[in-house]
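K.L.:
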Amino acid sequence: TSVPIDIQRYFYDDMKEVYKDVPERLRFVIEPKLNHYKTVRMMEETIAWLDKYLQPIWEKYRLNR
Numbered sequence: 001t002s003v004p005i006d007i008q009r010y011f012y013d014d015m016k017e018v019y020k021d022v023p024e025r026l027r028f029v030i031e032p033k034l035n036h037y038k039t040v041r042m043m044e045e046t047i048a049w050l051d052k053y054l055q056p057i058w059e060k061y062r063l064n065r
């Protein structure tokens, strides 16, 4: 199933408050005519975001165990 765009916008708007101190970590990108399909570029951007923001947290956690 597909998540309607309006619900995604609502979620994004709510998350702005959570990310207000680090707004560069939150993006809402609308890809016209893709519906619920994902592109290679989307996956690459997701992986880059995870590497940038979660890898340091994981390293800190792993070293402190």
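So the sequence shown is numbered by the working numbering: it starts at 1 and just counts up by one.
We put the beta carbon where it would ideally sit given N, CA and C, even for glycine.
Please name the residue in W58, D6 and V40 whose C-alpha comes closest to that of F28.
P.N.:
D6
K.L.:
DSSP three-state call for R27: helix, strand or coil?
P.N.:
coil
K.L.:
So P32 is in the alpha helix (DSSP H); what residue range does that whole segment cover?
P.N.:
Element bounds for P32: n/a, residue is neither H nor E.
K.L.:
Under the three-state reduction of DSSP, which class applies to T68: helix, strand or coil?
P.N.:
Coverage of the chain is limited to positions 1 through 65, which leaves residue 68 absent and any answer about it impossible.
K.L.:
Would you report the Cα separation of H36 and N64, rounded to the nearest angstrom?
P.N.:
39 Å
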